[in-house]
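Notes follow the structure.
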Amino acid sequence: EHTLLKQDAKLEDFIKLFNEAKAHKFLGVCINPAYVKLAKENLKDNDVKVITVIGFPLGANRSDVKAFEASKAVEDGADEIDMVINIGFLKDKKYDELLNEINEIKKACDGRLLKVIIETCLLSYDEKIKMCEIVSQSNADFIKTSTGFSTSGATFDDIKLMKEHINGKKIKAAGGIKSFSDGEKFISLGADRLGTSRLVKIMKEG
Numbered sequence: 006e007h008t009l010l011k012q013d014a015k016l017e018d019f020i021k022l023f024n025e026a027k028a029h030k031f032l033g034v035c036i037n038p039a040y041v042k043l044a045k046e047n048l049k050d051n052d053v054k055v056i057t058v059i060g061f062p063l064g065a066n067r068s069d070v071k072a073f074e075a076s077k078a079v080e081d082g083a084d085e086i087d088m089v090i091n092i093g094f095l096k097d098k099k100y101d102e103l104l105n106e107i108n109e110i111k112k113a114c115d116g117r118l119l120k121v122i123i124e125t126c127l128l129s130y131d132e133k134i135k136m137c138e139i140v141s142q143s144n145a146d147f148i149k150t151s152t153g154f155s156t157s158g159a160t161f162d163d164i165k166l167m168k169e170h171i172n173g174k175k176i177k178a179a180g181g182i183k184s185f186s187d188g189e190k191f192i193s194l195g196a197d198r199l200g201t202s203r204l205v206k207i208m209k210e211g
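If you're matching positions, the sequence shown starts at 6 in this note's numbering and goes up one per residue.
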């Protein structure tokens, strides 16, 4: 997934992103919700998916606000949704609230894929395992490592841990993927998807 989530991104940056995605036949572009309509219009004659983020990057919005945000993104044409969990809920062991929120947002996705960003860099080893359990129990489709906006992104150890503890869901590695060899390693450890803002550079290196 070819990603552009910077706060200061301009129209020309998005047009460049869309053109690169079409030229390289990337699976999709991952953008903020305000640009979903723009992406859908620019990619309407291509197979490139439009992916957007919900509750991004902190995850601390009200659950009903996140669900509303997801429903509006779907109305605008989003093909897939990546949501950020409320990390405070996890720290406070509000596991039912986390599961309910994921399922409410999945319902708002109206059949689209939902990926759950757990922000691994802020979690303990046991919390990562617990989130694998919660996502496994949920109606979501993917577990995802990171927003790329916190202290670090995806790590090889995190993907290995997710592969060992996730059940029936796919894995997306995102944040800090810097090279073709990094991408290959993440996939070999169990990642099904990669998200990076460096995708064109990585492709050229590969």
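Heads up, the beta-carbon is just placed ideally off N, CA and C, and yes, glycines get one too.
Same chain, Cβ closer than 7 Å to residue i, neighbours up to 5 away in sequence not counted
i	result
residue 171	137, 140, 141 and 148
residue 93	65
residue 174	140, 141, 145, 146, 147 and 148
residue 40	19
residue 43	19
residue 151	122, 124, 125, 126, 158, 159, 179 and 180
Best match in the options for proximity to residue i [C-alpha to C-alpha]
i	options	result
residue 86	106, 64, 112 and 119	119
residue 177	184, 167, 183 and 63	167
residue 158	20, 135 and 123	123
residue 209	186, 43, 108 and 70	186
residue 96	60, 10, 125 and 50	125
residue 6	17, 23 and 38	23
residue 101	27, 143, 42 and 60	143
residue 8	71, 109, 29 and 179	179
residue 12	62, 42 and 31	62
According to DSSP, residues forming a beta bridge with residue i
i	result
residue 169	Looking at the DSSP assignment, residue 169 forms no beta bridge with any residue, so it has no partner.
residue 140	Beta-bridge pairing links residue 140 to no other residue.
residue 119	86
residue 154	Partner(s): none; residue 154 has no beta bridge.
residue 149	122 and 177
The ligand ADP heavy atom lying under 7 Å from the CB of residue i
i	result
residue 112	This structure does not include the ligand ADP; it has no bound ligands of any sort.
Other residues of its chain near residue i: CB distance less than 8 Å, five sequence neighbours each side excluded
i	result
residue 165	194 and 195
residue 27	48, 51 and 53
Neighbourhood of residue i by C-beta distance below 6 Å, restricted to the same chain and skipping five residues each side
i	result
residue 205	25
residue 72	109, 110 and 113
Subject >> Uninterrupted beta strand (DSSP E) stretches inside the segment 176-203 (no shorter than 3 residues) >> reply: 198-200
**OP:** Within the segment 27-107, note down every full alpha helix (DSSP H) run reaching 4 residues or more, in order along the chain.
**Re:** 41-47, 68-81 and 92-96
Original post:
With a cut-off of 8 Å, do at least 3 Cβ pairs link the segment 52-67 to the segment 76-85?
Top reply: yes
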